[in-house]
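Encoded as structure tokens, the structure appears first; notes follow it.
Protein chains in written order, with our numbering: chain U, 1 to 107; chain V, 1001 to 1248.
Here it is in structure tokens:
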């Protein structure tokens, strides 16, 4: 249960820059009204951020990940139930992974 | 469509206990997505020689999975104070524009409600709050509720990983890791505003991120380049279409 000084300092440094990242953008942009282009860019950022997040690992994941992705999106559209969509997607990816491994294709 | 779909809410923004509770409940499905990632961070912290107290302190006050992963990868003894701090900043700087994008809600908050809510801001709570805002939501407590729910599940899963140590081994490439991708995909569905608005920007965001990833650029760069390329294109199309004067 000890906390060493060097570890404490590293953690505090990490925490400080993380809070600065979370609060800093808002603090700056509240003081300076951004031009219309920046406002439009900020409106487009959420979707683009998540697409940029998922694209590389999704393509690298191969058929199990693609099948899982189709199931997640279909269920989210049909039921609007996030838990059902995530669980079914993981189940589909896992099932296909196991199936391919059983057939001797990767895994 | 005559009215722009993202017109800011006309009604007053509020911050209620009910909103916080609604956000907390909405975050529960995401806990499944946190599980494999949190366990990995816990196991890795133990493997790098961090005590349980140190691991919990980092997880509680840093509360940023990708940054913790990167910092732990380069962890040494004695602790790399400067390297860990810089690596964390590079990964987390992506969150700076999020608070700015949530200004329609945050502008109405003061004191701990504002600065405390910002402390819990993560990618998921940001995206879900934006979707709620677009659907006419005006209770800023929703954002804090999601953030708190994710924070609790994050601390719990990391603790599980640290305590479980060797027992809970989740090898890289395990299908459980698909849970975090699944969480991101299910968040994307309500953010979609149709092919005319989001089609090209999302395509470009994905392609640029992929190209940067294939070019082996270091960790946060594919994400940053992809999201800003897509969002920049979206903004350009939007302003050009509107014939809006006065942008340079």
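For each residue, glycine too, the CB sits at the ideal point set by N, CA and C.
Check	Outcome
For residue 1082 of chain V, decide whether its Cβ has a neighbour in chain U, counting only Cβ atoms nearer than 9 angstroms.	yes
Quick one: Cα of residue 1119 of chain V to Cα of residue 1085 of chain V, how far?	17 angstroms
Which residues in chain V sit within 8 angstroms of residue 94 of chain U, going by Cβ to Cβ distance?	1175, 1176, 1178
Quick check: the stretch 1226-1243 of chain V against the stretch 25-40 of chain U, are at least 3 beta-carbon pairs closer than 8 angstroms?	yes
First and last residue of the alpha helix (DSSP H) that includes residue 37 of chain U?	36-60
Rounded to whole angstroms, how far is the Cβ of residue 1145 of chain V from the Cβ of residue 1012 of chain V, which I believe are closer than 8 angstroms?	With a Cβ gap of about 19 angstroms, residue 1145 of chain V and residue 1012 of chain V do not count as contacting.
For chain U, check one thing: does any of its Cβ atoms lie closer than 9 angstroms to the Cβ of residue 1202 of chain V?	yes
For chain U, check one thing: does any of its Cβ atoms lie closer than 9 angstroms to the Cβ of residue 1148 of chain V?	no
Within the 9 angstroms Cβ cut-off, does residue 1003 of chain V reach chain U?	At residue 1003 of chain V the pLDDT is 46, less than 50, meaning the model places this residue with poor confidence and gives no usable figure here.
Relative to the C-alpha of residue 28 of chain U, which candidate in V:1069, V:1098, V:1070, V:1052 has its C-alpha closest?	V:1098
Below 9 angstroms between beta carbons: does that hold for residue 1101 of chain V and residue 1126 of chain V?	yes
Just checking: is the beta-carbon of residue 1022 of chain V within a distance shorter than 9 angstroms of some beta-carbon in chain U?	no
What residues in the stretch 74-98 of chain U bring their beta carbon closer than 7 angstroms to a beta carbon of chain V?	76, 77, 82, 83, 85, 86, 87, 89, 90, 93, 94, 97
Under 8 angstroms by Cβ, that's how I've got residue 65 of chain U and residue 1228 of chain V pegged, so tell me the actual separation to the nearest angstrom.	The pair is not a contact, with the Cβ atoms about 25 angstroms apart (cut-off 8 angstroms).
Whose Cβ in chain U lies nearer than 7 angstroms to the Cβ of residue 1057 of chain V?	3, 11
By DSSP, does residue 1139 of chain V sit in helix, in strand, or in coil?	strand
For residue 1062 of chain V, count neighbouring C-beta atoms within 10 Å of its own C-beta (all shown protein chains included) and say buried if the count is 16 or more, exposed if not.	buried
Quick one: Cα of residue 1123 of chain V to Cα of residue 31 of chain U, how far?	23 angstroms
Quick one: which unbroken alpha helix (DSSP H) runs of 4-plus residues sit fully inside the stretch 1036-1062 of chain V? Chain order, please.	1052-1061
Measuring CA to CA, which of V:1041, V:1055, V:1049 is closest to residue 1070 of chain V?	V:1041
Can you give the beta carbon distance from residue 1136 of chain V to residue 1024 of chain V, rounded, assuming they're within the 8 angstroms contact cut?	About 20 angstroms; that fails the 8 angstroms criterion.
Determine, using beta carbons only, whether residue 1235 of chain V and residue 1222 of chain V come nearer to each other than 9 angstroms.	no
Whose C-beta lies closer than 7 angstroms to the C-beta of residue 1004 of chain V among residues of the same chain, with five residues either side of it excluded?	With a pLDDT of 48 at residue 1004 of chain V, under the threshold of 50, the modelled position of that residue is not reliable, and the figure given next carries that caveat. Nothing meets the Cβ criterion.
Between the stretch 1045-1064 of chain V and the stretch 1180-1198 of chain V, do at least 3 Cβ pairs fall closer than 8 angstroms?	no
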